[in-house]
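This report concerns only the one structure given below.
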Amino acid sequence: MCLSRPMARQQGQALVLVLILMGVLALAFLRYFQAGQMVAAKSRQLHALDAASYSAALVQAKVMNLLSYLNRAQAGHQVAMAHLTALGAWAMFGQTQAGQLLQGNPPVHLIGMQFGIKYGQAYASSRALAGQGRMLYDALMQAHQAHDRKVRQVLQALQTQLVVALPAARMQALRQVLERNYGVAALPEGTRLEIRNDGWPGYLARQSGTRLLPFLDELAGLYAFLSPRNETRKNPWPVSSRCPWRRHELRRRGDTRLDASGHWQSQDTLSFHALRSNRWIGCYFREYPMAWAWIPESGGAADGIEHVEDPPEDFSEQDFWRWVQERTDWNIFSGSNNPLANSRAVAARTVWSGMGLGFHYDVSAAHRRRELTFDTYLGMPGRGGQIVHAASAARTFFSLPPAARSLDTAQALPHHHLFHPYWQAALASPSDGGGMP
46 MCLSRPMARQ
56 QGQALVLVLI
66 LMGVLALAFL
76 RYFQAGQMVA
86 AKSRQLHALD
96 AASYSAALVQ
106 AKVMNLLSYL
116 NRAQAGHQVA
126 MAHLTALGAW
136 AMFGQTQAGQ
146 LLQGNPPVHL
156 IGMQFGIKYG
166 QAYASSRALA
176 GQGRMLYDAL
186 MQAHQAHDRK
196 VRQVLQALQT
206 QLVVALPAAR
216 MQALRQVLER
226 NYGVAALPEG
236 TRLEIRNDGW
246 PGYLARQSGT
256 RLLPFLDELA
266 GLYAFLSPRN
276 ETRKNPWPVS
286 SRCPWRRHEL
296 RRRGDTRLDA
306 SGHWQSQDTL
316 SFHALRSNRW
326 IGCYFREYPM
336 AWAWIPESGG
346 AADGIEHVED
356 PPEDFSEQDF
366 WRWVQERTDW
376 NIFSGSNNPL
386 ANSRAVAART
396 VWSGMGLGFH
406 YDVSAAHRRR
416 ELTFDTYLGM
426 PGRGGQIVHA
436 ASAARTFFSL
446 PPAARSLDTA
456 QALPHHHLFH
466 PYWQAALASP
476 SDGGGMP
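Just so we're aligned, residue 46 is where the sequence shown starts under our numbering, counting upward by one.
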């Protein structure tokens, strides 16, 4: 009986130890469960933020590609305007040629006899444009003005809207993807969603249209219709004993080009240069204009065109060669132009209204070797009011497809630019841990 009491006390003490141990285990399990929930919430939040960041970068890529298409469309409109300017000059050229044909100045049979039947037939074919050239000319001018309005009122306005709206569209994409991942109509109160280390400000620059002059010149060179229209045809037999090596000449001159201010102009002339001679100046060329046209845009300064103002309608009052010596510095001995036809083209010019090359957006010079990057931060209330933090980053970059890397045009533009729609999006590493607190 004296041994039973200590044993009972020992059994009670063991029970207390078991209860304490069970409490510690329960507390540890609870902490482990809470930590697991926190890890799961953070993992879900990080995956959702990665998806949202990628979507925001994809919005950037789509905007950059759309801007590239708009720049290409603007270049396409300029090429169309160049063609319309050339066609307008052709319509005016045909109309003036028809007028000379009807006057017989020079006669069609003379052209055919001196230079061949096909040249005579070409001269005679202008009769079909008599009375119709003006109608064609007006229609082409209206089409040209429509293209000019499209560039200014549609393409440029859309570019500006895209550039201005991109930050808001990017943030909207972030929110929408996060809300869909969490299955809520709006993120919980107290949520902080931020874009940090943003590379967008200053990434693009508004460029003057005149920066595209070399590019558009090269682009226009791809079209045979816009190439220079220069040809000289000589009759096959001697004309004068004073210069038996010389011949009558039929000179066709014409070109379509961009001037320094970014306006298209087109000029076309055709002249019969009859070889003449006299005892005072020897052999020279007497020019008979057969057709002429010049269409400038906005201003119509005739710089670089060999001409004089107000040329005479005919030379019944004065010899051609005397007038040239007194009024001009033309070379009527070995020249190659059509200066009298040029003069009539300048006198009869009709200026097409045009605003020139419009502005465009491109990657600024300081960022042409850099990707467009940004970091994202998301702080969201968790269980117990504890804030769960997550950081991510994404990038938008320019990458030519393998097939395009071998093209000369691609090699000439290896940097990031807005003329090829090859912008893509990808996730990136946060620049400084995402700037998390």
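Idealized CB from N, CA, C, for every residue including glycine.
Under 8 Å by Cβ, that's how I've got residue i and residue j pegged, so tell me the actual separation to the nearest angstrom.
i: Ala-131; j: Thr-301; result: 4 Å
i: Leu-320; j: Arg-292; result: 7 Å
i: Ile-340; j: Gln-370; result: Ile-340 to Gln-370, Cβ: 31 Å. No contact.
i: Ala-463; j: Met-109; result: Here the sequence assigns Leu to residue 463, which means Ala is not the residue at that position. Right, their Cβ atoms sit about 6 Å apart.
i: Arg-89; j: Gly-403; result: 48 Å between Cβ atoms; not a contact.
i: Ser-476; j: Ser-98; result: Contact flag wrong, Cβ pair sits at about 13 Å.
Let me know if residue i comes out buried or exposed under the rule of 16 or more other beta-carbons within 10 Å of its beta-carbon.
i: His-540; result: Any question about residue 540 goes unanswered here, given that the chain covers just 46 to 482.
i: Gln-159; result: buried
i: Met-180; result: exposed
i: Ser-474; result: exposed
i: Ser-388; result: buried
i: His-128; result: buried
i: Gly-399; result: buried
i: Tyr-268; result: exposed
i: His-308; result: buried
i: Val-284; result: buried
i: Ile-432; result: exposed
i: Trp-282; result: exposed
i: Asp-453; result: For Asp-453, the predicted structure reports a pLDDT of 47, less than 50, and the residue's modelled location is therefore unreliable. A value from the coordinates is still provided. Burial call: exposed.
i: Asn-116; result: buried
i: Leu-147; result: exposed
i: Val-222; result: buried
i: Gly-235; result: exposed
i: Asp-420; result: buried
i: Ala-457; result: Note on Ala-457: pLDDT 49, under 50, position unreliable in the model; no value is reported.
i: Met-126; result: buried
i: His-465; result: buried
i: Phe-78; result: Confidence is the limiting factor: at Phe-78 the pLDDT is only 47, short of 50, which leaves the residue's position unreliable, though a coordinate-based value still follows. Classification of Phe-78: exposed, given that the 10 Å Cβ count is below 16.
Which two residues bound the contiguous beta strand (DSSP E) that contains residue i?
i: Lys-195; result: Counting along the chain, Lys-195 falls outside any beta strand (DSSP E), and DSSP gives it neither H nor E.
i: Thr-301; result: 294-303
i: Leu-472; result: 468-472
i: Thr-205; result: Taken as a continuous stretch (DSSP letters only), Thr-205 belongs to no beta strand (DSSP E), being part of the alpha helix (DSSP H) at 201-227.
i: Thr-236; result: Looking at the DSSP string, Thr-236 is not in any beta strand (DSSP E), and its letter there is neither H nor E.
i: Arg-278; result: 276-279
Return the first residue and the last residue of the alpha helix (DSSP H) that residue i is part of.
i: Phe-260; result: 258-265
i: Trp-368; result: 365-372
i: Val-153; result: 153-160
i: Leu-445; result: Note, Leu-445: premise wrong, no alpha helix (DSSP H); not H, not E.
i: Thr-395; result: Unbroken run through Thr-395: none, as it is neither H nor E.
Under 8 Å, do residue i and residue j count as touching if we go by C-beta distance?
i: Arg-298; j: Asn-275; result: yes
i: Val-396; j: Ala-347; result: no
i: Pro-447; j: Tyr-467; result: no
i: Ala-93; j: Tyr-227; result: yes
i: Leu-271; j: Leu-303; result: no
i: Ala-336; j: Gln-142; result: yes
i: Asn-376; j: Thr-314; result: no
i: Ala-439; j: Ala-214; result: no
i: Ala-34; j: Phe-138; result: The question about residue 34 has no answer here: the residues shown for the chain are numbered 46 through 482.
i: Ala-435; j: Leu-91; result: yes
i: Gly-165; j: Ile-156; result: yes
i: Met-425; j: Pro-233; result: yes
i: Glu-224; j: Ala-218; result: no
i: Gln-140; j: Leu-174; result: yes
i: Ala-136; j: Tyr-168; result: no
i: Ser-316; j: Arg-296; result: yes
i: Leu-200; j: Leu-111; result: no
i: His-412; j: His-461; result: yes
i: Phe-378; j: Tyr-329; result: yes
Quick one: what's residue i bridged to in DSSP?
i: Pro-426; result: Ile-432
i: Tyr-333; result: Phe-317
i: Arg-324; result: DSSP, once it has assigned bridges, lists no residue as partnering Arg-324.
i: Tyr-406; result: Arg-251
i: Asp-420; result: Arg-241 and Ala-438
i: Gln-312; result: Asp-300 and Trp-339
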